[in-house]
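Inspection log for the structure reproduced underneath, given as structure tokens.
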Amino acid sequence: MAMSEKSSRTVFKALFFALKMRCPRCGRGHTLQSWSTPYEHCFDCGLRYVPDPVDLGMFMYVSTAAITGIFLLAYFLIGFPESGWARIVIGAAGLAFILLTAPLRRSLGIGFNYATDILFAPEPPA
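With the first letter of the sequence shown counted as 1, position 122 gets the number 341 in the numbering used here; the numbers rise by one all the way through.
And the structure:
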């Protein structure tokens, strides 16, 4: 099934709005009410952000695992530092990166959820 030009533009626009922590449909409403709590819906267009909380939780889990994997890969490619302090700094930097990107990743999860709804919506009957 080929993705139409209109739906591909809509998906990219939704992900762009999610990066700005805005509603993926209209781009006006905020996605998060606090550091880690998403709104239930957009106050401008009414889009329900998290119809299934498992989807957002899984996205957060997978993205955290990916960040951890990137830090471990860099750790192995650069080499093991001799100093214990260097290891602590690398570990602290990885943990800080995971924590500081959590709101953005949560908003992106909402955007990806909306984008998959666009891409995999059933075709209307002819």
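All C-beta atoms, glycine included, are put in the ideal place defined by N, C-alpha and C.
All figures in this text were calculated on a predicted structure; none of them were measured in a lab.
Q. Just to confirm, are Val230 and Ile329 a CB contact at a threshold of 7 Å?
A. For the purposes of this step, residue 230 is identified with residue 11 of the sequence shown, where counting begins at 1. For the purposes of this step, residue 329 is identified with residue 110 of the sequence shown, where counting begins at 1. Contact flag unset, no.
Q. Which residues does DSSP pair with Arg325 in a beta bridge?
A. Looking up residue 325 in the sequence shown gives position 106. In the DSSP output, where bridge partners are listed per residue, Arg325 has none listed.
Q: Taking only the alpha-carbon atoms, compute the straight-line gap between Met220 and Phe299 and give it to the nearest angstrom.
A: In the sequence shown, the residue the question calls residue 220 occupies position 1. In the sequence shown, the residue the question calls residue 299 occupies position 80. In this prediction, Met220 has a pLDDT of 48, which is less than 50 and means its spatial position is unreliable; nothing more can be read from the coordinates.
Q. Roughly how far, in whole angstroms, is the beta-carbon of Asn332 from the beta-carbon of Leu266, given that I think they are within contact range, below 8 Å?
A. Residue numbering aside, residue 332 sits at position 113 when the sequence shown is read from its first letter. Residue numbering aside, residue 266 sits at position 47 when the sequence shown is read from its first letter. In fact, because the Cβ distance is near 10 Å, the residues do not count as touching under 8 Å.
Q) Can you tell me whether DSSP reads Pro257 as helix, strand or coil? A) Here residue 257 corresponds to residue number 38 of the sequence shown, with the count starting at 1. Three-state DSSP puts Pro257 in a strand.
Q | Cα-Cα separation, Lys232 to Gly303 | A | Walking along the sequence shown from the start, residue 232 turns up at place 13. Walking along the sequence shown from the start, residue 303 turns up at place 84. Between Lys232 and Gly303, the C-alpha separation is close to 45 Å.
Q | First through last residue of the alpha helix (DSSP H) which encompasses Gly303 | A | Locating residue 303 in the sequence shown gives position 84, counting from the first residue. Where Gly303 is concerned, the enclosing alpha helix (DSSP H) stretches over Gly303 to Leu319.
Q. Which class does Leu296 belong to by DSSP, given the choice of helix, strand or coil?
A. Indexing the sequence shown from 1 puts residue 296 at position 77. Helix at Leu296.
Q: Determine the closest residue to Met277 out of Phe235, Arg228, Ser226 and Arg324, with distance taken between C-alpha atoms.
A: Numbered from 1 along the sequence shown, position 58 holds the residue referred to as residue 277. Per the Cα distances, Arg324.
Q.
So, under 8 Å CB-CB, Pro322 and Trp254 are touching, yes? Tell me the CB distance rounded to an integer number of Å.
A. Here residue 322 is taken as the residue at index 103 of the sequence shown, counted from 1. Here residue 254 is taken as the residue at index 35 of the sequence shown, counted from 1. Confirmed, Cβ separation roughly 6 Å.
Q.
Please report the distance separating the alpha-carbon of Phe235 from that of Glu301.
A. In the sequence shown, residue 235 corresponds to position 16, counting from 1. In the sequence shown, residue 301 corresponds to position 82, counting from 1. Approximately 42 Å between the Cα atoms of the pair.
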